[in-house]
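Remarks on the structure that follows.
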């Protein structure tokens, strides 16, 4: 089943964006409508926290930016951080509800990109990062990581934790591209290598854990833009696999 903004919220939003707490209520509702004896998978995309962020005034009562606060970069950064703070509270409410159910639950949370921050939003500005001393020099390895990476989290509720002999909290996962995230979920949950597609992606992840469309790749533990013949073959295999995965669902 697929659900879209137009069919779920359009009649009540008057052209605005649904807040995350409304989406989490819907996730909770759909979760409780399913048979506990049948495995259930849900993929949801939140949108309330998306940019651009107002760079002319503070829209929230919270204040995270103290220096250069009354500037375009200061307003943008404060609105972004305030937005993150509000989203975290709403996500925490969903986690609290999932904590209390007897049904094992694995929750995966990740972001798809860093925000545009600053006045020139139409040109994907990163001015606010520079103002507050954040290195986004993509010519360096750390700057590239800072610019393009986001964190991911795999969380188990108590009912799921009880299925394992060891404490699985506090583990740090590897730096990977999002196309490998489901591989990490299967591994973390001890579910084996998964279906054929994930098995094939597992092989590519070992060879090239970071696959970027910006010409940088992780090979032998380092980011590089220069690929050997073997690495070029790995890159092409990843492209083939993901093209197959997308088009196979259309047939």
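Numbering (the working numbering), first residue to last: 118 to 368. The C-beta atom is built at its ideal place from N, Cα and C for all residues, glycine as well. Model, not experiment: these values are computed from the prediction.
Should residue 172 be labelled buried (16 or more other beta-carbon atoms within 10 Å of its own) or exposed? Against the chain shown, residue 172 aligns to sequence position 55. A residue is called buried once 16 or more other Cβ atoms fall within 10 Å of its Cβ, and residue 172 is buried on that count.
In three-state terms, what does DSSP make of residue 303? The residue labelled residue 303 in the question sits at position 186 within the chain shown. The DSSP-derived three-state label of residue 303 is helix.
Where do the ends of the alpha helix (DSSP H) carrying residue 201 lie? Translated into the one-based positions of the chain shown, residue 201 becomes position 84. Taken as a continuous stretch (DSSP letters only), the alpha helix (DSSP H) holding residue 201 covers 189–216.
Apart from the five residues on each side of it in sequence, which residues of its chain come closer than 6 Å, Cβ to Cβ, to residue 368? By 1-based counting over the chain shown, the position of residue 368 is 251. Bear in mind that a pLDDT of 49 at residue 368, under 50, signals an unreliable position, so the model cannot answer this.
Would you check if the distance between the CB atom of residue 302 and the CB atom of residue 223 is smaller than 9 Å? Your numbering for residue 302 matches position 185 in the chain shown. Your numbering for residue 223 matches position 106 in the chain shown. Cβ atoms of residue 302 and residue 223: closer than 9 Å.
On the CB-based measure, 16 or more other CB atoms within 10 Å of its CB, does residue 137 come out buried or exposed? Working through the chain shown from its first residue, we reach residue 137 at position 20. Residue 137 comes out buried.
In the DSSP assignment, what residue or residues form a beta bridge with residue 225? Start at 1 with the first residue of the chain shown, and residue 225 comes out as number 108. In the DSSP secondary-structure assignment, residue 225 is bridged to 271.
Would you check if the stretch 164–180 and the stretch 189–196 touch, i.e. whether three or more CB-CB distances between them fall below 8 Å? The stretch 189–196 is in contact with the stretch 164–180.
Which residues in the same chain have their Cβ closer than 7 Å to the Cβ of residue 134, if we skip the five residues on either side of it in sequence? Residue numbering aside, residue 134 sits at position 17 when the chain shown is read from its first letter. Here the set comprises 164, 165.
What are the start and end residues of the alpha helix (DSSP H) that includes residue 143? Here the question's residue 143 lines up with position 26 in the chain shown. Per DSSP, residue 143 belongs to the alpha helix (DSSP H) from 137–149.
For residue 264, report the span of its alpha helix (DSSP H) as first-last. Locating residue 264 in the chain shown gives position 147, where the first residue counts as 1. Counting along the chain, the unbroken alpha helix (DSSP H) around residue 264 starts and ends at 258–265.
Here's the rule I'm using: 16 or more other beta-carbon atoms within 10 Å means buried, otherwise exposed. How should residue 300 be labelled? Counting from 1 along the chain shown, the entry for residue 300 is found at position 183. Label assigned to residue 300: buried.
Per DSSP, which one or two residues make a beta bridge with residue 341? Taking the first residue of the chain shown as position 1, residue 341 is located at position 224. Per DSSP, the beta-bridge partners of residue 341 are 334.
My output table needs one value for residue 249: the three-state DSSP class, helix, strand or coil. Here residue 249 corresponds to residue number 132 of the chain shown, with the count starting at 1. DSSP, read as helix, strand or coil, puts residue 249 in coil.
For residue 328, which residues does DSSP report across the bridge? Indexing the chain shown from 1 puts residue 328 at position 211. The bridge partners DSSP lists for residue 328 are 334.
Use the C-beta contact count for residue 365: other C-beta atoms within 10 angstroms, 16 or more gives buried, fewer gives exposed. In the chain shown, counting from the first residue as 1, residue 365 sits at position 248. Exposed, by the Cβ-count rule.
Endpoints, alpha helix (DSSP H) assigned at residue 357: Reading the chain shown from its first residue, position 240 is the one you call residue 357. That run of the alpha helix (DSSP H) goes 346–365.
Relative to the alpha-carbon of residue 120, which residue among 157, 153, 162, 154 has its alpha-carbon at the smallest distance? Numbered from 1 along the chain shown, position 3 holds the residue referred to as residue 120. Nearest option by C-alpha distance: 162.
Assigned exposure category for residue 261 - 16 Cβ within 10 Å defines buried: Indexing the chain shown from 1 puts residue 261 at position 144. The residue in question, residue 261, is buried, as its Cβ has 16 or more Cβ neighbours within 10 Å.
Let me know if residue 361 comes out buried or exposed under the rule of 16 or more other beta-carbons within 10 Å of its beta-carbon. In the chain shown, the residue the question calls residue 361 occupies position 244. With a 10 Å radius around the Cβ and a threshold of 16 neighbouring Cβ atoms, residue 361 comes out exposed.
Would you identify the three-state DSSP class for residue 368, choosing helix, strand or coil? By 1-based counting over the chain shown, the position of residue 368 is 251. With a pLDDT of 49 at residue 368, under the threshold of 50, the modelled position of this residue cannot be trusted; read the value that follows with caution. For residue 368, the three-state secondary structure derived from DSSP is coil.
The stretch 211–231 in contact with the stretch 252–270 per 3-pair CB rule at 8 Å: With the cut-off at 8 Å, the stretch 211–231 and the stretch 252–270 touch.
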